[in-house]
């Protein structure tokens, strides 16, 4: 018959093992529980910045797009009107006309959507945008035209990426439709500005490279003097081809895009 002292030792040893196992399980489970629940994670930040509407959740990124579309109109409309009046060449005048037409429409859309979603919009351009307008006003002739084409092309290129990201991630129907219209208008303006022949593509590429945080991934550069790769064969006969993108759907009371 085991002694009382030996029995206590076995009971205590078993208790220690059970306690250690429970502590290990708790240590493994705690990071999972705490990570899903703690503030500062992407999901927590999204939930904290999102409000419900009858058109779907409205996030901080959605509201930021509304503000950016409004700000674009506040400085690009007068810039376009100035180009129509002052630019020596017809191509720059035409680009200015597209700015006026496109941003008149987008500004009306943004104000209508903001009113329905309860988002407050600015009533004047940012300090930086006001500085661009002052630069344009002070310039003349060919210098004015180059400055106009490159200032506006850079601004449109930056907002193009914002529109794409919001269009990809938004859960709000009104913001989705505004992004569709904005995408068409901005691409039209980029095309017209590049059509002036004055855009400095090297400067745009260098600026993008300076802001990049990762190396690009893709095929290696071609070796000088090496034979060119064989052409990619055409798609099989009978496949569908798309010659144009569909237009953005109407935006309820806001109307359809007015881009020409």
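Residue numbers (the UniProt record's numbering): 1 to 260. Each residue gets a CB set at the ideal place from its N, CA and C atoms; glycine is no exception. Every value quoted in this text rests on a predicted model; they were computed, and no experiment measured them.
Residue i to residue j span [Cα, whole Å]
i	j	result
residue 30	residue 125	Low confidence applies here, because residue 30 scores a pLDDT of 47, under 50, leaving its location unreliable and the question unanswered by this model.
residue 71	residue 220	40 Å
residue 139	residue 106	28 Å
residue 195	residue 156	14 Å
residue 223	residue 186	37 Å
residue 93	residue 214	39 Å
residue 173	residue 200	37 Å
residue 152	residue 143	14 Å
residue 145	residue 163	27 Å
residue 134	residue 43	42 Å
residue 115	residue 210	38 Å
residue 88	residue 75	21 Å
residue 320	residue 234	With the chain covering only 1 through 260, there is no way to say anything about residue 320.
residue 231	residue 217	22 Å
residue 168	residue 160	12 Å
residue 193	residue 56	35 Å
residue 113	residue 229	50 Å
residue 127	residue 226	52 Å
residue 141	residue 90	13 Å
residue 86	residue 118	38 Å
residue 191	residue 236	31 Å
residue 83	residue 165	30 Å
residue 207	residue 108	32 Å
residue 183	residue 81	21 Å
residue 129	residue 202	23 Å
residue 64	residue 147	27 Å
Reduced DSSP secondary structure (H/G/I, E/B, other) of residue i
i	result
residue 92	helix
residue 217	coil
residue 159	helix
residue 166	helix
residue 119	coil
residue 51	strand
residue 234	coil
residue 124	coil
residue 101	helix
residue 142	helix
residue 198	coil
residue 151	helix
residue 223	coil
residue 56	coil
residue 46	helix
residue 260	Unreliable placement is indicated for residue 260, whose pLDDT of 40 sits below 50; the coordinate value is still reported in the next sentence. The answer is coil: DSSP assigns residue 260 none of H, G, I, E or B.
residue 228	coil
Contact belief for residue i with residue j at Cβ below 8 Å, rounded distance in angstroms
i	j	result
residue 121	residue 66	7 Å
residue 198	residue 154	About 12 Å; that fails the 8 Å criterion.
Boundaries of the alpha helix (DSSP H) in which residue i is found, first to last residue
i	result
residue 68	60-86
residue 186	173-194
residue 133	127-138
residue 203	201-211
CB of residue i within 9 Å of CB of residue j, strictly
i	j	result
residue 77	residue 189	no
residue 170	residue 97	no
residue 53	residue 60	no
residue 175	residue 46	no
residue 136	residue 79	yes
residue 103	residue 73	yes
residue 110	residue 69	yes
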